[in-house]
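Note sheet for the following structure.
2 protein chains.
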Amino acid sequence: MYSSANVSERQVQPPSLAISTVIFALRPDAGSGRLEIWLPLVRRVRQPHLGKWALPGGPLGGRESLHDAAARNLRETTNLDPTYLEQLYAFGGLDRSATQRLVSIVYWALVRPDQADLAQESENVRWFRAAEAVGLAFDHDEIVAYALERLRGKIEYGSVAYHFLGERFTLAQLRGVYEAVLGRHLDPANFRRQLRSAKDISATDEVLQGGRNRPPRLYRYTGPDAGTPPREAPQASGSAEWPAPDAPP
Amino acid sequence: MYSSANVSERQVQPPSLAISTVIFALRPDAGSGRLEIWLPLVRRVRQPHLGKWALPGGPLGGRESLHDAAARNLRETTNLDPTYLEQLYAFGGLDRSATQRLVSIVYWALVRPDQADLAQESENVRWFRAAEAVGLAFDHDEIVAYALERLRGKIEYGSVAYHFLGERFTLAQLRGVYEAVLGRHLDPANFRRQLRSAKDISATDEVLQGGRNRPPRLYRYTGPDAGTPPREAPQASGSAEWPAPDAPP
DNA sequence: CATTGTTAGGGTCATGATGACTGTAACTCA
DNA sequence: TGAGTTACAGTCATCATGACCCTAACAATG
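These protein sequences, in sequence, are chains A and B.
Here my numbering is used: position 210 in the first sequence is 538, and no number is missing along the way.
Here my numbering is used: position 72 in the second sequence is 400, and no number is missing along the way.
Dropping the structure here:
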């Protein structure tokens, strides 16, 4: 599995370049109804790590940008378009793959739950709870952990949470997203107060009927890239509203 | 990993993979004495963008990790080791280079001023003020702007500022670093109060003599990676090898 | 129809971080 | 000896935050 031929090949051949994607969606737990983080994985159908689960990915095409490659990758796996797509990190350690020198540029994406339900599952594509996505191929355990860390970091000041939801949502739904990602309970009253001062979220004149309690008001996200496709690269996040974009540790 | 890939369709021409580095150092302005951000650039000695200034960079060697490649790159340019080195972003747009498809994984680094003074300058390597680093080759203008944005974002909550300074420093020096990076004046009293609550900075029992005012106390950074080389990103690092040809960008 | 349970949505209070500002100590230089 | 400058400590108002309480509005149950 680790022949000397492979080692000598590495000195000559340039490193292979691949794109992988960590795709997050939220699904309510059947019992408690609380939201949980899920992600799709694909089963390896060749060596190395044959049979193990891995992040969806593939080589970078010659006529597509990194962002487009990640989007295509995501479409081929879940058959759906993401509401958020951003570069995570470029992994290029020497020991990532035993058979070849591989550099993976990893993206992370958010999809809505209703879309995640429609996503195709098959023998080799299955959704897992993020907490149960361990024992993956290559270094994908660490990549998933790092993507979760980025997600948690970005939800606190960015506009990431809205991309888990549809166009209109209640504050309780939005709070459920925060609680699922941050993993802790949030006070409903304080949460409401904070989001009233956030100016890229506005209340509609509609309420959500059909519940068995007082009908909650529906809100809408009016900030940048509301319903538009996610933007490419690192243009200045401009507004000094909140701290700053984050980065690998 | 390439379960859903249509391989034959994509093997037209694999994109080239390069490593570039944005190297920051602070130098006092001759007149005012205020610190300013500088970075070294290299002149292009071949097409495209012949004669223009560009970020130091080169192809990724087959036996070095991304981090090691950036460190080697930096050593070859400034002849010095950085006190901080972190991945910035992977740039892979289709129109980055007119002659070839090029994917650049860019790192950013900090070096100390005394080291920056020792750095080698030559006909094709010169230091520029960050504000004057415009009109660069390829998309390096945007890369520098993004690196500056990252630097500003990281200095507010991270331990980045200390890497611009030596082991012992006064609070005024540290405040000068913050003012240079953030581009605004900071109140000395409030700055002192904030850094007393930051627990990875501790006062020594020494003061800095020789100034023409009251001698300020010297402090020391005691947080993670204090004097050690910067650690690799979210994964384990491998060992590096030395030689590698130099080629832009 | 009244009661009960549950959530929506409004408020209070103490605390801690922050920015603006004042005052005193310690040193050099003219 | 005094002027000028910086180090360093402290005060005050403001604001964001967490913890907590209260009322409104619905559905389900009796």
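Positions of the beta carbon are idealized from the N, C-alpha and C atoms, including for glycine.
Please read these numbers as outputs of a predicted model, since none were measured by experiment.
Going by Cα to Cα distance, which pick from A:407, A:378, A:341 and A:405 is closest to residue 390 of chain B? A:341
Inter-residue spacing [alpha-carbon to alpha-carbon] between residue 556 of chain A and residue 491 of chain A: Residue placement at residue 556 of chain A is flagged as unreliable, the pLDDT there being 42, under the threshold of 50; the coordinate-derived value follows with that caveat. Going from the Cα of residue 556 of chain A to the Cα of residue 491 of chain A covers about 11 Å.
So what's residue 519 of chain A in DSSP terms, helix, strand or just coil? helix
Should residue 534 of chain B go down as buried or exposed, given a rule of 16 or more other Cβ atoms within 10 Å for buried? exposed
Within a Cβ cutoff of 7 Å, which residues of the same chain sit near residue 462 of chain A, ignoring the five residues on either side of it in sequence? 469
Contact set for residue 431 of chain B: own chain, Cβ-Cβ below 6 Å, skip 5 residues either direction: 343, 345 and 420
Give a yes or no on whether 8 Å exceeds the smallest Cβ distance from residue 342 of chain A to chain B. yes
Residues of chain A with CB closer than 7 Å to the CB of residue 432 of chain B, please, in chain order. What residue 432 of chain B touches in chain A: nothing, since even the nearest Cβ is about 10 Å away.
If I measure Cβ to Cβ from residue 531 of chain B and keep anything under 6 Å in the same chain, skipping five residues before and after, which residues do I get? 545 and 547
How about residue 401 of chain A and residue 386 of chain A: do their beta carbons lie closer than 8 Å? yes
If residue 434 of chain A sits next to residue 350 of chain A, beta carbons under 8 Å apart, how far is it from one beta carbon to the other, in whole angstroms? 7 Å
Residue 338 of chain A versus residue 403 of chain B: straight-line alpha-carbon distance, rounded: Confidence at residue 338 of chain A is low in this model, with a pLDDT of 42, below 50, so the placement of that residue is unreliable and no value is reported for it.
Counting only C-beta atoms, is residue 348 of chain B closer than 8 Å to chain A at any point? no
State the CB to CB distance for the pair residue 603 of chain A and residue 514 of chain A, rounded to an integer number of angstroms; the pair is presumed to be in contact (CB under 8 Å). Residue 603 of chain A lies beyond the stretch modelled for chain A, which goes from 329 to 577, so this question has no answer here.
At the level of alpha carbons, what is the spacing between residue 397 of chain B and residue 384 of chain B? 12 Å
Assign residue 393 of chain B to buried or exposed, taking buried as 16 or more other Cβ atoms, counted over all protein chains shown, within 10 Å of its Cβ. buried
List the endpoints of the continuous beta strand (DSSP E) containing residue 533 of chain A. 529-535
Any Cβ of chain A within less than 8 Å of the Cβ of residue 418 of chain B? yes
I want to verify the contact list: residues of chain B whose CB lies under 7 Å from the CB of residue 393 of chain A, in sequence order. 420, 421 and 422
Does residue 556 of chain B have its Cβ less than 8 Å from a Cβ in chain A? The pLDDT assigned to residue 556 of chain B is 41, lower than 50, so where the model puts this residue is not dependable, and the model offers no usable value.
What's the gap between the Cα of residue 423 of chain A and the Cα of residue 458 of chain B? 36 Å
Is the beta carbon of residue 505 of chain B sitting closer than 8 Å to the one on residue 354 of chain B? yes
For residue 356 of chain A, which of A:541, A:524 and A:493 has the nearest alpha-carbon? A:493
Beta-carbon within less than 6 Å of residue 537 of chain A's beta-carbon, same chain only, minus the 5 sequence neighbours each way: which residues are those? 543
From A:552, A:456 and A:427, pick the residue whose C-alpha is nearest to that of residue 377 of chain A; which is it? A:427
When DSSP labels each residue in this structure, what does residue 387 of chain A get in the three-state scheme? strand
Would you grab the beta carbon distance between residue 488 of chain B and residue 476 of chain B for me? Rounded to a whole angstrom, and I think it's under 8 Å. Not a contact, Cβ separation roughly 12 Å.
Contacting residues, own chain, Cβ-Cβ under 6 Å from residue 529 of chain A (five flanking each side not counted): 523, 547 and 549
Which residues in the same chain have their Cβ closer than 7 Å to the Cβ of residue 503 of chain A, if we skip the five residues on either side of it in sequence? 514, 516 and 519
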